[in-house]
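For reference, the structure is listed below as structure tokens.
Residue numbers (the numbering used here), protein chains in the order written: chain A, 36 to 547; chain B, 487 to 816.
Below, the structure written as structure tokens:
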């Protein structure tokens, strides 16, 4: 219970007028950079960083982390309303959030997302509060083999999930891996797949890929189908905000499961992106309404959002206690810590108690401030859906072009983004799933690095993946998740040998 | 302002400089872009932002400065960008010895000769680190143990400074090490703390927190003399208590990583001189001293012929190691 005393002390630091003002300012700025794609949390935080050099470290980190919370919430707004994920971790939110918003229920979608995100964040902070020292130990147990096992598990939970035809999923994955391989390879140091374009040495940025795949791709489909030709008649109802949040406890199982997945991936450190994908995949398998996922299901929003925020929050712990940043934003904040004269590492918890516990307390308060502010803005954002398609469509193109350009001020990125738009359109038309493609682009190279590092360590023996209990459990769980659909399918076939069910074709239509 | 007018301006400046050298030194007329050849949060990014902060605070130039990260491809993205911006004096590239080492070992589309050198501003030291509870007290013990079993040495990136040093240790200490490349020094430090590696050769700032936290400790520093006296890191020891590797029988006298500053190629001597002067002014501020101390680097300033000589020497050396390992491209 030592920690509880420390936490109370932390609250006495965090809950002061100047710090509350900083939180509100940080959250508002964060929502702004989160909603404007192409800016995003890492850029926003690095723009703000120089302003904090003169501040007390604890005030500075409160401002920056509040901005991070705001940006995480803001990122969900564009995912849901326009199908443009601003952060890798909000991709999975588009799968059901966007269909629901398009269906005329943007208020419900946004409020559900924010509510479950806040729940996830809360569980994440509670975990940090009580298990700080234990959590730091868990992360240390992760060598390359364990990292690979975690990524493998994330792929397995998503891939084995049915929905699309398995062959199409594998094709999508393979293309994703190939895109992830572009650029300099960490393990050999050589340049791969740049196809004579010098600038491609930097690799393909995630934001560029998803803006094209989702934003532009969806737009092309919509233009062709004239689906959006008129504005969605969305009723803006204040009460719906509260009703949607009030309905959340009904999905208690999904909330708790997703929070658990999120925390686990946050501390291990698989990261928020892998967490949200994995949580969505598992929810789709185990939810009673799993087969409707992709058409605007409430649990399809709850699962990735809760896991994303639980992981994002608990990932701050490895950053503080070990000095490994769990995300790009955490990396910028870590740069900040060094400039403020603090060294992230195990001693931070001993030397800088005020800083650490002030930050943890501010995570409770900051998230409450953030969720209150975003819930207030829901009707405003939902109103955006009433703007006619002829106005919104060019706006989306502008947002995507500016967003892609501002990633690293490069025209090549804009061209690639448009190229990805065509790929996204073709995928939709041919019923290929986008999710495995994106997952492979985001964590494909990390998984590859971890695998090859393991092979270097073991001199090429696969035995390293069964060398201890931890890694064996992860690998076995991954293989089980991969084989499960196959086994179920076989069992089904044995029971009723000949019925090419209409269900599969119906499912094909809702592939995300 | 269009590209042409910038060109005309700089051309005018050159003409003026030719006729009246004393009066018309070049001054920037629009915002300056600092290109960090590393992602946000790394050592190179910290340097670029520290310099930006100092210049802004002391108003060393009238023009605003923006920091841009181009860290893709182990920094190659930033250098390629610098090469493509030839003649543009509003892009300043911050990097390391990567600028001349990377083109040796991978087929990247630049060479350091495509850029105009400004200065080397700080040197990062390398140390040999082991896990806190490992039995080795000196570099000699370590080498003895490494000779019998194959040790795992971690480091940041492949065929880069860390691996070059690892191969030098192998050769000098007559041992065989398995080198495992990770994305960054911080990641490597955590892998050593978790016992997944036997050693690494991190810079001081990359493992400072871990040393203080008692998960790993330095055996020796690859420097001709011990590091300067500073505040104690652990209860009993500071950087100056770490013996040099030569003292301990590992005969590698000096291995350092310079933090380097460049302009794109084809800028005028006047423009380059402006930035040399600017960086000199930055170095004279108390904030710079503070930055150097907090990141445990060594303050140096190499420019002009001295910097050229340093590059040439380092290049010879790396070429030799890379040649022996069969890494050279072309």
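For each residue, glycine too, the CB sits at the ideal point set by N, CA and C. From a predicted model like this one, the values you see are computed outputs, not experimental measurements.
Of the residues the options, the one placed nearest residue i, counting alpha carbons only
i                     : options                    : result
residue 681 (chain B) : B:578, B:689, B:755, B:616 : B:616
residue 276 (chain A) : A:65, A:440, A:409         : A:409
residue 145 (chain A) : A:364, A:280, A:208, A:321 : A:280
residue 89 (chain A)  : A:206, A:469, A:403, A:375 : A:375
residue 512 (chain A) : A:190, A:494, A:251        : A:190
residue 575 (chain B) : B:722, B:516, B:592, B:763 : B:516
residue 215 (chain A) : A:204, A:201, A:241, A:222 : A:241
residue 349 (chain A) : A:166, A:335, A:378, A:475 : A:166
residue 301 (chain A) : A:520, A:351, A:64         : A:351
residue 319 (chain A) : A:310, A:143, A:338, A:307 : A:338
residue 227 (chain A) : B:594, B:787, B:800, B:741 : B:594
residue 678 (chain B) : B:713, B:631, B:618        : B:618
residue 784 (chain B) : B:614, B:683, B:742, B:729 : B:742
residue 717 (chain B) : B:687, B:535, B:780, B:543 : B:780
residue 510 (chain A) : A:521, A:520, A:498        : A:498
residue 762 (chain B) : B:788, B:738, B:777        : B:788
Contacts around residue i, its chain only, beta-carbon distance under 8 Å, and the 5 residues preceding and following it disregarded
i                     : result
residue 481 (chain A) : 182, 186
Sheet register partners of residue i (DSSP bridge)
i                     : result
residue 521 (chain B) : B:554, B:579
residue 611 (chain B) : B:742
residue 686 (chain B) : B:615, B:640
residue 788 (chain B) : B:606
residue 703 (chain B) : B:616
residue 218 (chain A) : A:227
residue 601 (chain B) : B:750
residue 730 (chain B) : B:707
is_contact[residue i, chain B] using C-beta, thresh 8 Å
i                     : result
residue 222 (chain A) : yes
residue 451 (chain A) : no
residue 309 (chain A) : no
residue 234 (chain A) : yes
residue 488 (chain A) : yes
residue 226 (chain A) : yes
residue 441 (chain A) : no
residue 85 (chain A)  : yes
residue 388 (chain A) : no
residue 374 (chain A) : yes
residue 42 (chain A)  : no
residue 367 (chain A) : yes
residue 69 (chain A)  : no
residue 176 (chain A) : yes
7 Å Cβ shell around residue i - same chain, five flanking residues per side excluded
i                     : result
residue 748 (chain B) : 568, 579, 581, 585, 601, 602, 603, 604
residue 656 (chain B) : 662, 663
residue 753 (chain B) : 573, 575, 602
residue 638 (chain B) : 664, 666, 683, 684
Interface flag, residue i vs chain A, CB-CB below 8 Å
i                     : result
residue 713 (chain B) : no
residue 694 (chain B) : yes
residue 526 (chain B) : yes
residue 517 (chain B) : no
residue 643 (chain B) : yes
residue 677 (chain B) : yes
residue 571 (chain B) : no
residue 539 (chain B) : yes
residue 584 (chain B) : no
residue 575 (chain B) : no
residue 559 (chain B) : yes
residue 762 (chain B) : no
Residues of its chain near residue i, where Cβ-Cβ distance is below 6 Å and the 5 sequence neighbours each way are ignored
i                     : result
residue 518 (chain B) : 549, 551, 576
residue 815 (chain B) : 593
residue 509 (chain B) : Legend: pLDDT at residue 509 (chain B) = 43, less than 50; position of this residue unreliable, no value from coordinates given.
Are there three or more Cβ pairs, one per stretch, closer than 8 Å when the stretch 319–327 of chain A is compared with the stretch 343–358 of chain A? The stretch 343–358 of chain A and the stretch 319–327 of chain A do not touch, with fewer than three beta-carbon pairs separated by less than 8 Å.
#### Entry: Given 8 Å, three or more beta-carbon pairs between the stretch 122–132 of chain A and the stretch 434–445 of chain A
Segments in contact, no.
Query raised in the report: Do the stretch 379–399 of chain A and the stretch 693–713 of chain B meet, that is, are 3 or more Cβ pairs less than 8 Å apart?
Result: Touching, yes.
Contact between the stretch 623–642 of chain B and the stretch 702–712 of chain B: three or more CB pairs below 8 Å? With the cut-off at 8 Å, the stretch 623–642 of chain B and the stretch 702–712 of chain B touch.
- Item | At least three beta-carbon pairs within less than 8 Å, the stretch 803–813 of chain B to the stretch 645–664 of chain B | Contact between the stretch 803–813 of chain B and the stretch 645–664 of chain B is present, with at least three C-beta pairs closer than 8 Å.
Practice task
Assess, as a yes-or-no matter, whether the stretch 339–346 of chain A is touched by the stretch 144–158 of chain A under the definition of 3 or more beta carbon pairs within less than 8 Å.
Solution key: As far as the Cβ criterion goes, the stretch 144–158 of chain A touches the stretch 339–346 of chain A, which means the pair count is three or higher.
| request: Kindly confirm or deny that the stretch 95–105 of chain A and the stretch 53–69 of chain A touch, where touching means at least three C-beta pairs closer than 8 Å. | output: Per the Cβ contact rule, the stretch 95–105 of chain A is in contact with the stretch 53–69 of chain A (3 or more Cβ pairs under 8 Å).
Is the stretch 243–253 of chain A in contact with the stretch 449–463 of chain A, if contact means three or more CB pairs nearer than 8 Å?
Counting Cβ pairs under 8 Å, three or more are found: they touch.
Query raised in the report: Are there three or more Cβ pairs, one per stretch, closer than 8 Å when the stretch 387–405 of chain A is compared with the stretch 43–58 of chain A?
Result: The stretch 387–405 of chain A, when compared against the stretch 43–58 of chain A, does touch it at the 8 Å Cβ threshold.
Could you tell me whether the stretch 473–488 of chain A touches the stretch 282–292 of chain A, where touching means 3 or more Cβ pairs closer than 8 Å?
-> Contact between the stretch 473–488 of chain A and the stretch 282–292 of chain A is absent, because fewer than three Cβ pairs lie under 8 Å.
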